[in-house]
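Undergrad: Please see the structure below; I have some questions.
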Amino acid sequence: MTIKQFFTLLVFVVIWTTAVRAPLDPDLWWHLRAGEIILESGIPDQDPGFSFTAGDNDWFMHEWLSDLLMHLIYAVGGIWGLALFFSLVVVLTFVLLYRASVGRPYLAGFVLILGYWAYHPFVHSRPQLFNTLLAALFIFVVEGVKNHRFDQKWLWVIPPVMLVWANLHSGFLLGFAVLGVYIVGAGLQLVWPGREGRGFTWPEVGYLGGVTAVGGLLTLLNPRGFSLWLYPFETLTSDAMRLMIAEWGSPNFHNRIFLPFLILFFVTIVSMVLSRRLPTWTDWLFVLGTAFAGLQSVRHIPIFVVVVVPIIARQILSASEGTKAYTLLAGRASSAPLTSLLYRFNFMLGILLCLMALGWAGYVLFNYEDSLREVYPVAAVNYLERTGRTEARIFNHYGWGGYLIGRGVPVFIDGRADLYGDEFMRVYDDTVRGRGVWQQTLQAYGITHALLDEKSALVSLLALSPDWQLLYRDELAVIYGRVE
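Mind the numbering: the sequence shown is residues 33 to 516 in the working numbering, read in order.
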């Protein structure tokens with residue numbers, strides 16, 4: 033194994049090892065239950081009994097194919113299957129970005145790790161990962177055609193992928209945003225040239241536009257038709273979701289998990305400023321558009337990562353032109369032939385590295401139950417089951433709704449915020465914070481029990497109320513019951 037091969041292996045072993053995470057996403061369990069229902073009786077358009085407050089509200093299942101796929105994986109491989117599957121989704125995403133980047137292996141590898149550092153906090157077993165995977169695929173294909181590594185016919189990969197994407201997640205509009213940036217950027221490049229020589233001709237722009245239009249038509253082949261195009265705008269404009277759900281809000285840079293995003297943004301701008309060639313209009317549209325989106329909403333940070341990794345590599349390589357570092361960064365540096373002994377040593381070291389990665393992944397997954405108890409009220413739900421209270425009307429913590437659904441407990445609320453609507457979300461938020469007429473809300477919905485985070489403001493109010501009594505408490509959760 034050569035030094036370059038070992039370095040590449042090291043980069044992707046690091047990514048895969050850290051991408052194997054215990055499946056603990058708050059929405060995981062209702063995704064699995066939904067997939068089971070889809071397999072047995074088709075796609076529901078209303079809540080199938082997961083919640084006692086949803087009533088006959090319309091459930092817009094924009095990710096039905098993801099739910100079905102997740103259920104099938106779980107049925108075959110359990111929690112391990114889900115964790116390994118989504119870790120491979122992450123690895124494939126970064127393989128595509130690596131192949132779309134210049135300066136392989138060293139420059140591309142280091143930029144890839146920097147990007148993954150910002151991406152890693154969002155690695156969970158969740159359908160959103162398909163959005164970044166398929167966006168990376170589009171970038172890989174379009175950049176390949178743009179640089180004449182691929183024939184133009186490769187663009188016809190896009191329409192069938194759009195069809196699948198539209199049924200995997202409503203984030204399929206990201207695909208059109210990526211293609212739109214390439215089309216608009218190429219047009220601006222042709223109208224105002226003088227920047228980097230890469231780019232499409234007008235006929236090629238038209239060809240890409242035609243492929244995009246065909247992909248748009250195919251996306252209409254989904255259970256909701258054109259309504260699927262409108263759905264993302266409804267969620268993006270939801271004030272309640274933006275204010276009450278952390279990942280819909282802006283990143284708080286006092287939280288260290290967002291520091292890599294800030295560093296990546298800084299490196300992106302510096303690399304573009306120092307580049308010896310003017311960045312293309314496409315590059316600027318990608319960087320400014322996704323940076324704005326990431327600053328507006330935490331959940332858009334992975335999109336920023338996906339689009340800027342190839343751009344950073346390209347700009348750094350351009351900045352190094354004419355320097356001694358260029359040959360190394362471009363991956364053109366010749367290396368002395370390895371002796372047979374050293375070649376075998378590197379090969380054995382690579383095997384050892386892979387075995388260590390497998391060992392760590394096994395450790396993470398073998399300790400899944402412990403990780404689950406640290407995040408979700410496992411013992412509290414066990415208490416509800418022992419005492420026959422799982423069918424009671426329980427006011428629950430928002431982030432635990434999905435887990436409760438997985439345990440067969442009807443919920444007051446869960447992560448399907450669009451199902452409940454903004455007004456209900458505000459009612460929940462006021463109640464859990466003990467604001468306004470929280471007593472009347474609990475009375476109106478016939479709440480007999482409350483399962484809450486031990487630190488919740490409502491817990492303190494229930495403790496002071498003569499109408500409620502403490503039934504259960506541990507380090508994570510408390511259960512109060514209404515005094516009869």
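Just so it is clear, CB atoms sit at the ideal spot from N, CA and C, and this is done for glycine as well.
#1: Pair every Cβ in the segment 41 to 57 with every Cβ in the segment 384 to 400, then say whether three or more of these pairs are closer than 8 Å.
#2: In this structure, what does DSSP give as the bridge partners for Arg505?
#3: So, with DSSP's three-state summary, where would you put Ile445?
#4: To the nearest angstrom, report how far apart Gly281 and Val330 are at their CA atoms.
#5: Where do the N-terminal and C-terminal ends of the beta strand (DSSP E) with Asn428 fall, by residue?
#6: In this structure, how does DSSP classify Trp91 when only helix, strand and coil are distinguished?
#7: Tell me Trp316's beta-bridge partners as DSSP assigns them.
#8: Using the Cα positions of Asp183 and Phe293, report the straight-line distance between them to the nearest angstrom.
#9: Residues in its own chain within less than 8 Å of Leu525 by CB, not counting five upstream and five downstream?
#10: Assuming Leu144 is part of the alpha helix (DSSP H), what are its boundary residues?
#11: Output the boundary residues of the beta strand (DSSP E) element that contains Leu483.
#12: The alpha helix (DSSP H) with Lys356 in it runs from where to where?
#13: Counting along the chain, where does the alpha helix (DSSP H) carrying Glu423 start and finish?
#14: If you follow the alpha helix (DSSP H) that Leu268 is part of, which residue opens it and which one closes it?
#15: Tyr148: which of Leu451, Val339, Ser98 sits nearest, CA to CA?
#16: Would you report the Cα separation of Thr8 and Gly81, rounded to the nearest angstrom?
#17: Thinking C-beta only, is Leu128 closer than 9 Å to Phe172?
#18: Would you mind working out which of Val299, Lys36, Thr251 sits nearest Phe206, comparing C-alpha positions?
#19: If the criterion is Cβ atoms closer than 9 Å, does the pair Leu146 and Ile344 meet it?
#20: Can you tell me whether Arg288 is buried or exposed, with buried defined as 16 or more other CB within 10 angstroms of its CB?
#21: Give the list of continuous alpha helix (DSSP H) stretches no shorter than 4 residues that lie fully inside the segment 343 to 417.
#22: Identify whether Trp186 lies in helix, strand or coil by the three-state DSSP scheme.
#23: Around the Cβ of Asp59, are there at least 16 other Cβ atoms within 10 angstroms (buried) or fewer (exposed)?
#24: Under 9 Å between the Cβ atoms of Ala51 and Val155?
#25: Name the residue from Asn179, Phe204, His180 whose alpha carbon lies nearest to the alpha carbon of Ile190.
#26: Straight-line CA distance for Gln471 to Thr463?
#27: Indicate whether Ala107 and Ala132 have their beta-carbon atoms separated by less than 9 Å.
#28: Buried or exposed: which applies to Trp234, given that a residue is buried once 16 or more other Cβ atoms fall within 10 Å of its Cβ?
#29: Can the beta-carbon of Ala509 be found closer than 9 Å to that of Ala393?
#30: Quick one: using the 10 Å Cβ neighbour count with 16 as the cut-off for buried, is Thr269 buried or exposed?
#31: Around the Cβ of Pro6, are there at least 16 other Cβ atoms within 10 angstroms (buried) or fewer (exposed)?
#32: Check this for me: beta carbons of Leu200 and Leu120, under 9 Å apart or not?
#33: Check Trp96 in the structure and name its three-state DSSP category.
#34: Applying the 10 Å Cβ sphere with the 16-neighbour rule, what's the burial state of Tyr214?
#35: Trp61 by DSSP, collapsed to three states: which one?
#36: For Ala209, tell me which candidate among Leu222, His152, Thr322 has the shortest Cα-Cα distance.
TA: With the structure as the only source:
#1: yes
#2: Residue numbering aside, residue 505 sits at position 473 when the sequence shown is read from its first letter. DSSP, once it has assigned bridges, lists Val510 as partnering Arg505.
#3: As a first step, residue 445 is located in the sequence shown; it is residue number 413 there, counting from the start. In the structure shown, Ile445 sits in coil (DSSP, three-state: anything other than H, G, I, E or B).
#4: As a first step, residue 281 is located in the sequence shown; it is residue number 249 there, counting from the start. As a first step, residue 330 is located in the sequence shown; it is residue number 298 there, counting from the start. Computed Cα separation, rounded: 6 Å.
#5: Position 396 of the sequence shown, counted from the start, is the residue given in the question as residue 428. Counting along the chain, the beta strand (DSSP E) containing Asn428 begins and ends at 426 to 428.
#6: Taking the first residue of the sequence shown as 1, we reach residue 91 at position 59. Three-state result, Trp91: coil.
#7: As a first step, residue 316 is located in the sequence shown; it is residue number 284 there, counting from the start. Paired residues: none, contrary to the question.
#8: Translated into positions along the sequence shown, residue 183 becomes position 151. Translated into positions along the sequence shown, residue 293 becomes position 261. Cα to Cα, the separation comes out at about 35 Å.
#9: With the chain represented from 33 up to 516, any question about residue 525 goes unanswered, as that position is not in the structure.
#10: Looking up residue 144 in the sequence shown gives position 112. It spans 138 to 151 - the alpha helix (DSSP H) in which Leu144 sits, taken as one unbroken run.
#11: Position 451 of the sequence shown, counted from the start, is the residue given in the question as residue 483. Where Leu483 is concerned, the enclosing beta strand (DSSP E) stretches over 481 to 485.
#12: Taking the sequence shown and counting its residues from 1, the one referred to as residue 356 is at position 324. Taken as a continuous stretch (DSSP letters only), Lys356 belongs to no alpha helix (DSSP H), as it is neither H nor E.
#13: Your numbering for residue 423 matches position 391 in the sequence shown. Looking at the DSSP string, Glu423 is not in any alpha helix (DSSP H), and its letter there is neither H nor E.
#14: As a first step, residue 268 must be located in the sequence shown, where it is residue number 236. 259 to 268 is the span of the alpha helix (DSSP H), which, as asked, contains Leu268.
#15: Translated into the one-based positions of the sequence shown, residue 148 becomes position 116. The candidate whose alpha carbon is nearest that of Tyr148 is Val339.
#16: Because residue 8 is not part of the residues shown, which for the chain are 33 to 516, the question remains open.
#17: Taking the first residue of the sequence shown as 1, we reach residue 172 at position 140. Taking the first residue of the sequence shown as 1, we reach residue 128 at position 96. A contact, by the Cβ cut-off of 9 Å.
#18: What you label residue 206 is simply residue 174 of the sequence shown in a count that begins at 1. Looking at the sequence itself, residue 206 is Leu, so the reference to Phe does not match. That would be Thr251, whose Cα lies nearest to the Cα of Leu206.
#19: Working through the sequence shown from its first residue, we reach residue 146 at position 114. Working through the sequence shown from its first residue, we reach residue 344 at position 312. It is a contact, given that the beta carbons lie within the stated cut-off.
#20: Here residue 288 is taken as the residue at index 256 of the sequence shown, counted from 1. So Arg288 ends up on the exposed side.
#21: 357 to 361, 372 to 398, 400 to 407
#22: For this step, residue 186 is matched to residue 154 along the sequence shown. Reduced to three states, the DSSP call for Trp186 is helix.
#23: Position 27 of the sequence shown, counting from 1, holds the residue named residue 59. Answer is buried; the Cβ neighbour count reaches 16.
#24: Here the question's residue 51 lines up with position 19 in the sequence shown. Here the question's residue 155 lines up with position 123 in the sequence shown. A contact, by the Cβ cut-off of 9 Å.
#25: One-based indexing of the sequence shown puts residue 190 at position 158. Per the Cα distances, Phe204.
#26: Along the sequence shown, one-based indexing puts residue 471 at 439. Along the sequence shown, one-based indexing puts residue 463 at 431. Distance between the alpha carbons of Gln471 and Thr463 is about 8 Å.
#27: Walking along the sequence shown from the start, residue 107 turns up at place 75. Walking along the sequence shown from the start, residue 132 turns up at place 100. Result no, Cβ atoms of Ala107 and Ala132 do not sit closer than 9 Å.
#28: Taking the first residue of the sequence shown as 1, we reach residue 234 at position 202. So Trp234 counts as exposed.
#29: Here residue 509 refers to the residue found at position 477 of the sequence shown. Here residue 393 refers to the residue found at position 361 of the sequence shown. Contact: no.
#30: As a working note, residue 269 is residue 237 in the sequence shown. With fewer than 16 other Cβ atoms within 10 Å, it is exposed.
#31: The structure shown does not extend to residue 6, since the chain is modelled only from 33 to 516, so the question has no answer here.
#32: Locating residue 200 in the sequence shown gives position 168, counting from the first residue. Locating residue 120 in the sequence shown gives position 88, counting from the first residue. Their beta carbons are not under 9 Å apart, which means Leu200 does not touch Leu120 by this criterion.
#33: Numbered from its first residue, the sequence shown carries residue 96 at position 64. Residue state, collapsed to three classes: helix.
#34: In the sequence shown, the residue the question calls residue 214 occupies position 182. By the neighbour-count rule (16 or more Cβ atoms within 10 Å), Tyr214 is buried.
#35: In the sequence shown, counting from the first residue as 1, residue 61 sits at position 29. Trp61: helix per DSSP, three-state reduction.
#36: Indexing the sequence shown from 1 puts residue 209 at position 177. Nearest option by C-alpha distance: Thr322.
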